[in-house]
Ligand SMILES: CC(C)(COP(=O)(O)OP(=O)(O)OC[C@H]1O[C@@H](n2cnc3c(N)ncnc32)[C@H](O)[C@@H]1OP(=O)(O)O)[C@@H](O)C(=O)NCCC(=O)NCCS
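Residue numbers (the working numbering): 154 to 281.
Right, dumping it as structure tokens:
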């Protein structure tokens with residue numbers, strides 16, 4: 154979902170944080186991935202969310218929100234108080250809707266996908 158449409162091979166979605174990151178997935182009864190997301194620690198109080206995606210046929214049913222809140226709950230459990238992420242321009246509204254604010258322009262992926270760097274200060278209580 155995040156790489157194949159740009160001709161990137163399976164495996165190009167991996168990075169050096171994978172081994173120590175929290176990986177969450179919502180699966181259909183047959184095991185097919187419907188939603189994925191990843192959280193890794195940047196410092197004592199800050200975490201970063203990456204690789205958030207919901208399968209095209211499963212979008213608009215609240216899975217993205219549940220995945221985001223589940224990652225935020227994990228962050229609280231780890232003692233993190235702030236989350237950052239680089240939102241694809243088309244997804245920035247989704248994060249704004251869930252309490253993130255834009256900090257400024259981020260990187261441009263594959264020469265075309267513009268990103269906004271965003272952050273959210275975590276309230277102590279869980280939302281899931
Ligand atoms: C962005 C994405 C994760 C949202 O997942 P989703 O399951 O469709 O979202 P939800 O159904 O949980 O939506 C929750 C709310 O956010 C809103 N929303 C969802 N996508 C949105 C978007 N792109 N822009 C603005 N609002 C959005 C929904 O309308 C809904 O609003 P509501 O509270 O009024 O009901 C999904 O569209 C996706 O995987 N996109 C492609 C990959 C991608 O861009 N990932 C993010 C990389 S940074």
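The C-beta atom is built at its ideal place from N, Cα and C for all residues, glycine as well.
(request) Alpha carbon to alpha carbon, how far is residue 244 from residue 253? Give it in angstroms, no decimals. (result) 12 Å
(message) On the DSSP letters alone, give me the boundaries of the beta strand (DSSP E) that residue 199 sits inside.
(response) 199 to 207
(message) What residue range does the beta strand (DSSP E) around residue 223 cover?
(response) Premise fails: residue 223 lies in the alpha helix (DSSP H), 216 to 230, not in any beta strand (DSSP E).
(message) Do residue 202 and residue 241 count as a contact pair if the criterion is CB distance below 9 Å?
(response) no
(message) Determine whether the beta carbon atoms of residue 224 and residue 205 lie at a separation below 9 Å.
(response) yes
(request) Have a look at residue 188 and residue 248 and give me their C-alpha separation to the nearest angstrom. (result) 16 Å
(request) Using the DSSP secondary-structure output, state which residues sit across from residue 239 in a beta bridge. (result) 270
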